Amino acid sequence: MYYTDTLTIPNYLCDCHDTLTMWGLARLLQESAGHHAETAQMGFRQLIERGKAWVLCRMYFAVDRMPKDGENVTVRTWSRGTDGLFAFRDFQLIDSKGVAVTCSTYWVIIDFASRKATRIHDYWAAIETHPDFATDRHQLDRLRIPRDAGEPHLAAQFAVRPSMLDHTFHVNNAEYIKWIFDHLPEGDNTLTQWKGTRFFIEFLSETKPDETVSIYCYPPAGDAATSYFRIVNPRSAAVVASLWHDTHPASPANN
């Protein structure tokens, strides 16, 4: 089934322009996903009783506009089914003008103790699925930073603090997004001109308390229009992401 949450954009998820942030949007979508999962007895609390937990692997956002502080919006979400270890979930953020943002996501269920992915089909029978695609990306392939992306620069380096963690005791997905948008390349106007923004992020490994993370940015060079980001912890790459602006974006699907 399709699941909907109707809400008012809170000020604490907005920026200095009173506009919803990308990390704030990610938190709202994750919250609605959790609500929907709970209706099928697959929410966080229900899974943790079985020693399991949801982990978000990939997110792709297509933005036509970002709502403002105090606007009334609806989050609409649904499952597109599973493939191997992945579960697919799509979202629409709908305001008074129609679909403002769409998002496609990949998830896995992990064993909480071993931190390894488990067979998702065993848990999925209770959720009704729909084949509709919210975005123009019907498949979220692994993100590879091109060899010709140029030399990255170190945008920031700091230690992980307790406020950055979620209930799985690793850095929350939205926190990584916040870090990236806090370190956009010089001259990037995303925060004031959202239309046509496309953002793809892949979460590769968990980052733990007190670990030091380094954020590397590959700004657009030459005729390129895409910025790439890489966040590493002491053990491995934690996140890769890409940000670009589609000058002729396809209209978000209105399923």
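Under the working numbering, think of the first position of the sequence shown as 3, with each following residue one higher. Built from N, CA and C at the ideal position, the CB exists for glycine as well. Keep in mind that this is a model prediction, so the values were computed, not measured.
Check, Outcome
"Can you name, in chain order, every residue of its own chain whose Cβ lies under 8 Å from the Cβ of P187, other than the five neighbours on each side?", "C219, P221, P222, S229"
"Please return the same chain residues whose Cβ sits closer than 7 Å to the Cβ of G83, not counting the five positions on each side in sequence.", "F90, T131"
"Does the segment 4 to 12 come within contact of the segment 27 to 36, defined as at least 3 CB pairs closer than 8 Å?", "yes"
"Would you list the one or two residues that DSSP bridges to M61?", "T107, I203"
"Note down the Cα distance separating I147 from E153, rounded to an integer number of angstroms.", "11 Å"
"Over what stretch of residues does the beta strand (DSSP E) that includes G83 continue unbroken?", "74 to 85"
"So A240 and L206 are in contact, right, with Cβ under 8 Å, and what is the actual spacing, rounded?", "6 Å"
"Apart from the five residues just before and just after F160, which ones in its own chain have a Cβ nearer than 8 Å to its Cβ?", "T214, V215"
"Would the beta-carbon of M61 fall within 9 Å of that of F231?", "no"
"If you count every other CB in all the chains shown that lies within 10 Å of the CB of Y178, and 16 or more means buried, which is it?", "buried"
"Starting from Q94, follow the beta strand (DSSP E) in both directions and report where the run begins and ends.", "88 to 97"
"Can you tell me whether N256 is helix, strand or coil according to DSSP?", "In this prediction, N256 has a pLDDT of 44, which is less than 50 and means its spatial position is unreliable; nothing more can be read from the coordinates."
"Once DSSP output is grouped into helix, strand and coil, what is the label at Y218?", "strand"
"What is the C-beta distance between I111 and L49, in whole angstroms, given that I count them as a contact (C-beta under 8 Å)?", "7 Å"
"Going along the chain, which unbroken runs of the alpha helix (DSSP H) with 4 or more residues stay wholly within the segment 104 to 182?", "123 to 126"
"What does DSSP give as the partner residue(s) for S229 in the beta ladder?", "L245"
"Measuring CB to CB, does T107 end up less than 9 Å from D92?", "yes"
"Provide the residue span of the beta strand (DSSP E) that contains L9, from first to last.", "5 to 10"
"Could you check what DSSP says for A39 in three-state terms: helix, strand or coil?", "helix"
"Mind checking L156: buried by the 16 CB within 10 Å criterion, or exposed?", "exposed"
"Below 8 Å on the Cβ atoms is my guess for L15 versus V103; work out the distance and round it to an integer in Å.", "In fact, because the Cβ distance is near 13 Å, the residues do not count as touching under 8 Å."
"At what residues does the alpha helix (DSSP H) containing Q48 begin and finish?", "46 to 50"
"Can you give me the C-alpha to C-alpha distance between G198 and K99, rounded to a whole angstrom?", "16 Å"
"Residues in the same chain with beta-carbon distance under 6 Å from W246, minus the five sequence neighbours each way, listed in chain order, please.", "R200, A227, T228"
"What would DSSP say about G100, mapped onto helix, strand or coil?", "strand"
"In angstroms with no decimal places, state the Cα-to-Cα distance between I129 and T249.", "37 Å"
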